[in-house]
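Have a look at the structure below before the remarks.
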Amino acid sequence: MTASRLTQHPLLPWLALQHTHGIGPVRALKLYQTLGEHWYLPENLQQTKLSTEQLSQLQTAHFELLEPILAWQQAASNRHILTWDNPDYPAQLKAIPAAPLILFVEGELNALTRPQIAVVGSRHPSYVGKENTKTLIPALVEAGAIITSGLALGIDGLSHQAALDAGGISLGVLGSGLAKVYPKRHLRLATELIASGGALISECYPWIGPLAHHFPRRNRIISGLSLGVLVMEAAERSGSLITARYALEQGREVFAIPGAWQNPLAWGCNQLIQQGAKLVLSANDILEELNVFSVAEVKVLAANSGELLPYPELLDNVGLEATALDVIVTRCQQPVQEVLIQLVELELAGWVASVPGGYVRARRG
Numbered sequence: 001m002t003a004s005r006l007t008q009h010p011l012l013p014w015l016a017l018q019h020t021h022g023i024g025p026v027r028a029l030k031l032y033q034t035l036g037e038h039w040y041l042p043e044n045l046q047q048t049k050l051s052t053e054q055l056s057q058l059q060t061a062h063f064e065l066l067e068p069i070l071a072w073q074q075a076a077s078n079r080h081i082l083t084w085d086n087p088d089y090p091a092q093l094k095a096i097p098a099a100p101l102i103l104f105v106e107g108e109l110n111a112l113t114r115p116q117i118a119v120v121g122s123r124h125p126s127y128v129g130k131e132n133t134k135t136l137i138p139a140l141v142e143a144g145a146i147i148t149s150g151l152a153l154g155i156d157g158l159s160h161q162a163a164l165d166a167g168g169i170s171l172g173v174l175g176s177g178l179a180k181v182y183p184k185r186h187l188r189l190a191t192e193l194i195a196s197g198g199a200l201i202s203e204c205y206p207w208i209g210p211l212a213h214h215f216p217r218r219n220r221i222i223s224g225l226s227l228g229v230l231v232m233e234a235a236e237r238s239g240s241l242i243t244a245r246y247a248l249e250q251g252r253e254v255f256a257i258p259g260a261w262q263n264p265l266a267w268g269c270n271q272l273i274q275q276g277a278k279l280v281l282s283a284n285d286i287l288e289e290l291n292v293f294s295v296a297e298v299k300v301l302a303a304n305s306g307e308l309l310p311y312p313e314l315l316d317n318v319g320l321e322a323t324a325l326d327v328i329v330t331r332c333q334q335p336v337q338e339v340l341i342q343l344v345e346l347e348l349a350g351w352v353a354s355v356p357g358g359y360v361r362a363r364r365g
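Here it is, written out as structure tokens:
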């Protein structure tokens with residue numbers, strides 16, 4: 001095929017770049033920036049040191065991909081295909097190394113350019129991780145942040161839902177094509193996310209299913225779109241730490257919530273803090289580091305100092321991590337039956353919550 005066929009649709013040259021062996025996003029963008037938007041013309045390609053095979057691949061027009069891509073886009077008015085040179089391509093993402101050559105978006109395109117905070121964490125969060133997510137996200141939304149995450153189970157899904165519940169906007173970056181939302185149980189959440197003014201984003205072709213190697217690559221987009229990354233809860237070898245590493249490489253802020261060293265799900269966050277991530281105790285710890293939110297006023301509910309704590313001695317012995325019943329009994333030095341009665345009353349009043357492994361201090365406490 002000749003280079004003239006690549007001019008038949010503006011997407012074809014980018015498909016050719018994406019499907020040339022030995023040319024990744026970094027080299028592809030360098031080629032584009034060096035030779036200009038008409039890089040694919042033979043007289044321009046002659047200036048490169050590419051192999052004969054690569055030159056041939058670069059001049060191949062991928063009509064077999066173009067047709068289903070355009071069919072996907074035309075099926076709904078809120079579907080968009082953004083090549084790197086498109087004026088609607090988000091500048092924040094465009095500035096990172098290895099930015100996607102082609103981005104598929106379903107939803108509100110303008111949301112991609114608004115200030116975003118990425119929130120990531122464990123797929124199997126603890127009670128504390130869940131509560132921290134539900135508590136911090138509304139304050140970030142109130143300050144004007146869009147919440148960006150990966151639509152995965154656990155902290156990702158909880159972050160999206162918390163943003164929507166707070167009346168905010170959320171963006172989901174997928175490790176699959178937009179026609180193959182993964183996990184399937186989050187299909188309804190994805191639909192709500194779009195309906196609430198957010199969007200789904202992917203660099204995969206719409207019909208591509210989830211593959212293991214897609215997700216680490218997906219993480220660079222999550223951090224690349226955002227001003228900073230908040231790691232809610234992460235084990236020592238968590239995928240969330242990959243997102244944090246990308247954030248550091250991209251010059252983004254990294255935030256982490258500390259936890260007890262006995263909790264394996266806190267190890268990753270504690271390590272990030274040791275390495276220089278900002279320790280987060282409230283939403284203001286995040287907002288004060290990001291210039292765009294520097295004037296934001298986040299309302300903090302003051303504690304009612306006139307309210308007496310019920311069973312304060314027992315309550316003091318229930319921590320933010322799951323505390324076993326026998327441990328509480330030992331600490332309080334009270335009969336088991338009496339401790340159980342008090343715990344039930346505290347649970348009904350919202351001071352503690354029953355979780356696998358015992359009891360934890362609830363949000364009110």
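Numbering-wise (full-length UniProt numbering), the sequence shown opens with residue 1 and increments by one.
For each residue, glycine too, the CB sits at the ideal point set by N, CA and C.
As the structure is a prediction and not an experimental result, all values here were calculated from the model.
> Below 8 angstroms between beta carbons: does that hold for Ile222 and Thr148?
Replying inline: Yes, the pair counts as a contact, with Cβ atoms nearer than the cut-off.
>> Taking 7 angstroms as the limit between beta carbons, can you name the residues of its chain near Ala303, skipping five residues before and five after?
In response: Low local confidence applies: a pLDDT of 36 at Ala303 is under 50, so the model's placement there is unreliable, with the coordinate-based value given in what follows. Closer than 7 angstroms at Cβ, skipping near neighbours: no residue.
> Ends of the beta strand (DSSP E) at residue 440?
Replying inline: Summary: the structure shown does not reach residue 440, with the chain confined to residues 1 through 365, and so no result is reported for it.
>> According to DSSP, is Glu131 part of a helix, a strand, or is it coil?
In response: Looking at Glu131 - three-state DSSP - the assignment turns out to be helix.
> Which value, in whole angstroms, describes the spacing of the CA atoms of Met1 and Val128?
Replying inline: Reliability of the predicted coordinates at Met1 is poor, the pLDDT of 41 falling under 50, and the value obtained from them is presented with this limitation in mind. In this model, Met1 and Val128 are separated by some 59 angstroms (Cα to Cα).
>> According to DSSP, simplified to helix, strand and coil, what is Gly154?
In response: Three-state result, Gly154: coil.
> Under three-state DSSP, which class holds Tyr40?
Replying inline: Here Tyr40 sits in coil by DSSP.
>> By the three-class DSSP mapping on this structure, what secondary structure does Ser223 have?
In response: Three-state DSSP puts Ser223 in a helix.
> When the distance is taken between beta carbons, is Val231 closer than 8 angstroms to Gly268?
Replying inline: Taking 8 angstroms as the Cβ cut-off, Gly268 and Val231 qualify as a contacting pair.
> Looking at the structure shown, is Lys278 part of a helix, part of a strand, or coil, going by DSSP?
Replying inline: Three-state DSSP puts Lys278 in a strand.
> Could you give the uninterrupted runs of the alpha helix (DSSP H) lying entirely in the segment 169 to 257, keeping only those of 4 residues or more?
Replying inline: Runs of the alpha helix (DSSP H) inside the segment 169 to 257: 187 to 195, 214 to 225 and 240 to 249.
> Where in the segment 37 to 112 do unbroken runs of the beta strand (DSSP E), each at least 3 residues long, occur, reported from the N-terminal end onward?
Replying inline: Listed in chain order, they are 79 to 83 and 102 to 107.
>> Quick check on DSSP: helix, strand or coil for Gln116?
In response: Three-state result, Gln116: strand.
> DSSP beta-bridge partners for Ala166?
Replying inline: DSSP output for Ala166 lists no bridge partner at all.
> Cα separation between Gly167 and Ala260?
Replying inline: If you take the alpha carbons of Gly167 and Ala260, they lie about 32 angstroms apart.
>> Just to confirm the assignment, what range does the beta strand (DSSP E) spanning Val355 have?
In response: Its beta strand (DSSP E) spans residues Val352 to Val355.
>> Let's test the definition: count the other Cβ atoms within 10 Å of the Cβ of Glu307 and tell me whether it reaches 16, buried, or not, exposed.
In response: At Glu307 the pLDDT is 48, less than 50, meaning the model places this residue with poor confidence; the figure from the coordinates comes in the next sentence. By the beta-carbon neighbour count (other beta carbons within 10 angstroms, threshold 16), Glu307 is exposed.
>> Given a cut-off of 8 angstroms on the beta-carbon distance, is the pair Leu109 and His80 in contact?
In response: With respect to His80, Leu109 sits close: the two C-beta atoms are nearer than 8 angstroms.
>> Checking the sheet assignment: what are the DSSP bridge partners for Thr323?
In response: Bridge partners of Thr323: Tyr359.
> CB Arg220 to CB Tyr246, shorter than 8 angstroms?
Replying inline: It is a contact, given that the beta carbons lie within the stated cut-off.
> What's the gap between the Cα of residue 385 and the Cα of Thr83?
Replying inline: This structure gives no information on residue 385, because the portion of the chain shown stretches from 1 to 365.
> Cβ atoms of Leu314 and Cys332: under 8 angstroms apart, would you say?
Replying inline: Yes, Cβ-Cβ distance for Cys332 and Leu314 is below 8 angstroms.
>> Any contact between the segment 10 to 25 and the segment 50 to 64? By contact I mean 3 or more CB pairs, one from each, below 8 angstroms.
In response: Here the segment 10 to 25 lies against the segment 50 to 64, with 3 or more beta-carbon pairs under 8 angstroms apart.
>> If I measure Cβ to Cβ from Gly197 and keep anything under 7 angstroms in the same chain, skipping five residues before and after, which residues do I get?
In response: If you ignore the 5 residues before and after Gly197, its C-beta comes within less than 7 angstroms of the C-beta of Glu108, Ala111 and Ile169, all in its own chain and listed in chain order.
> Skipping 5 residues on each side, what residues in its chain have a beta carbon closer than 7 angstroms to that of Arg361?
Replying inline: Closer than 7 angstroms at Cβ, skipping near neighbours: Val318, Gly319, Leu320 and Val352.
> Pairing CB atoms from the segment 131 to 145 with CB atoms from the segment 204 to 219, are three or more of them under 8 angstroms?
Replying inline: Result no; under three Cβ-Cβ pairs closer than 8 angstroms.
> Quick one: Cα of Ala266 to Cα of Glu233, how far?
Replying inline: So the two alpha carbons sit approximately 6 angstroms from each other.
>> Going by C-alpha to C-alpha distance, which of Pro258, Leu200 and Leu66 sits closest to Asn132?
In response: Comparing Cα-Cα distances from Asn132 to each of Pro258, Leu200 and Leu66, the minimum goes to Pro258.
>> Which residue marks the beginning of the alpha helix (DSSP H) containing Thr20, and which one marks its end?
In response: Thr20: not part of any alpha helix (DSSP H); DSSP gives it neither H nor E.
> Assuming Leu225 contacts Pro87 under a Cβ cut-off of 8 angstroms, what Cβ separation, rounded to an integer in Å, is found between them?
Replying inline: In this structure Leu225 is not in contact with Pro87, their Cβ atoms being roughly 17 angstroms apart against a cut-off of 8 angstroms.
> When DSSP labels each residue in this structure, what does Glu289 get in the three-state scheme?
Replying inline: Secondary structure at Glu289: coil, using DSSP grouped into helix, strand and coil.
>> On a Cα-Cα basis, can you pick out the residue from Ala163, Cys204, Ala28 and Thr323 that is closest to Lys180?
In response: Nearest Cα to Lys180 within the set Ala163, Cys204, Ala28 and Thr323: Cys204.
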